[in-house]
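Residue numbers (my numbering): 1007 to 1422.
All residues carry an ideal CB built from backbone N, CA and C; glycine is no exception.
Just below is one structure, and these are the notes that go with it.
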């Protein structure tokens, strides 16, 4: 009986230690490790290095844990069979399995996950010794693992996993609503195309190369724009941009030829992800780019401010008037939608669905309705979508200013 107690105590104790070390090691945060390093703690430096090469400490823990389980079960089973006989072996196996589950898994991993801050430093010391002692076993295991892993393959965290982590942070109060929105926008930035955030061609201000300095000054003062594109003959032939600072200097120095003041401007396709364009514009130190469509014509303009607004939200400066309200509830409870809202945002907010081929070619909700009508829109025109009806509520010139969304269960039967 004494031998059995020693075998069980040693194997379960070793397994308990391995499980709590694993839980603490995997739970300790990068920020806490950085804090330990700032305070000059040796444990912080070791934990940082260990987490960069996580396979070695984890292999040490799992190897020792497996040895403890295997040797403990084998020796204790042999003792029980020798002392009590075969009839007790089945009952002992069931009891040992429950003991391993509770004592070696549930209890230590719960304690390690809850109290990792208090246990981080002792864990670093114990793991360091464990890895050093088990080096002769770990080296061949590491070689085998590396030989089976394709070169260049690394463990990465997906965008969806990051989105889940930020959502957990918001629910637990670690992130407030604004912080959560900013982080969520950054994570989803690869899904937003330049065409969704640009100023469309019909709304942009452009100046012919034949204009005088005085005319350019007047346009800049009237619109409040500090950068304006310049075109030759048509807006599809933009040759550069004019910057307000250069115009004011030219006015004082007597320069009259706009060609001397035109700066180069980059061109970008409507399909380029915002996440790719931001570093490109920063690299060449420009704040405006011309957006071109699939045929090479001018689709619109995008500024660095437009791109940053996709992360931090709307930035309204002193030159801007009242911005249109993207979504607004009417007195009867329906949603009034600005036609310039991106199709992606409208689908997310209104809850209707489209087939992938139905979305193709449209950047805004107004553009979708305009395309579906296939003619100039009129007040009251409707377009059926899965989940409801989009009704034209206001038209300005040839463009749809506002729409009403009528859910399927609330729409007028005559519209169905």
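Taking a cut-off of 8 angstroms for Cβ pairs, the region 1189-1202 and the region 1256-1272 do not touch, as fewer than three such pairs fall below it. In this structure, residue 1342 lies away from residue 1248, with their beta-carbon atoms at least 9 angstroms apart.
Note: residue 1206 is bridge-paired with 1306 in the DSSP secondary-structure output. When the alpha-carbon of residue 1277 is set against those of 1180, 1226 and 1369, the nearest one is in 1369. Cβ-Cβ separation between residue 1226 and residue 1253: approximately 7 angstroms, consistent with a contact (criterion under 8 angstroms).
Each of 1232, 1215 and 1199 was checked against the Cα of residue 1367, and the nearest Cα belongs to 1199. The DSSP-derived three-state label of residue 1311 is helix.
Runs of the alpha helix (DSSP H) spanning 4 or more residues and lying entirely within the region 1116-1179 occur at 1122-1139, 1141-1154 and 1165-1177, in chain order. The beta carbon of residue 1389 sits closer than 6 angstroms to those of 1375, 1378 and 1396, all from its chain and outside the five residues before and after it, given in chain order. If you draw a straight line from the Cα of residue 1332 to the Cα of residue 1047, it comes to about 52 angstroms. Looking at the DSSP output, residue 1359 sits in a beta bridge with 1392.
A Cβ-Cβ separation of about 5 angstroms places residue 1052 in contact with residue 1130 under the 8 angstroms criterion. When the alpha-carbon of residue 1224 is set against those of 1250, 1240 and 1205, the nearest one is in 1250. The distance from the Cβ of residue 1213 to that of residue 1234 is about 5 angstroms, consistent with a contact at the 8 angstroms cut-off. If you check the CB distance, residue 1013 and residue 1081 come in under 9 angstroms. A Cβ-Cβ separation of about 30 angstroms leaves residue 1062 out of contact with residue 1175 under the 8 angstroms criterion. Non-local beta-carbon contacts of residue 1400 in its own chain, meaning distances under 6 angstroms to residues more than five positions away in sequence, involve 1407 and 1408 in chain order.
The Cβ atoms of residue 1065 and residue 1144 lie closer than 9 angstroms to each other.
Around the beta carbon of residue 1060, a 10 Å sphere encloses fewer than 16 other beta carbons of the protein chains shown; the residue is thus reported as exposed. Assigned with DSSP and collapsed to three states, residue 1262 falls in coil, not helix or strand.
With a threshold of 16 other beta carbon atoms within 10 Å, residue 1204 meets it and is buried.
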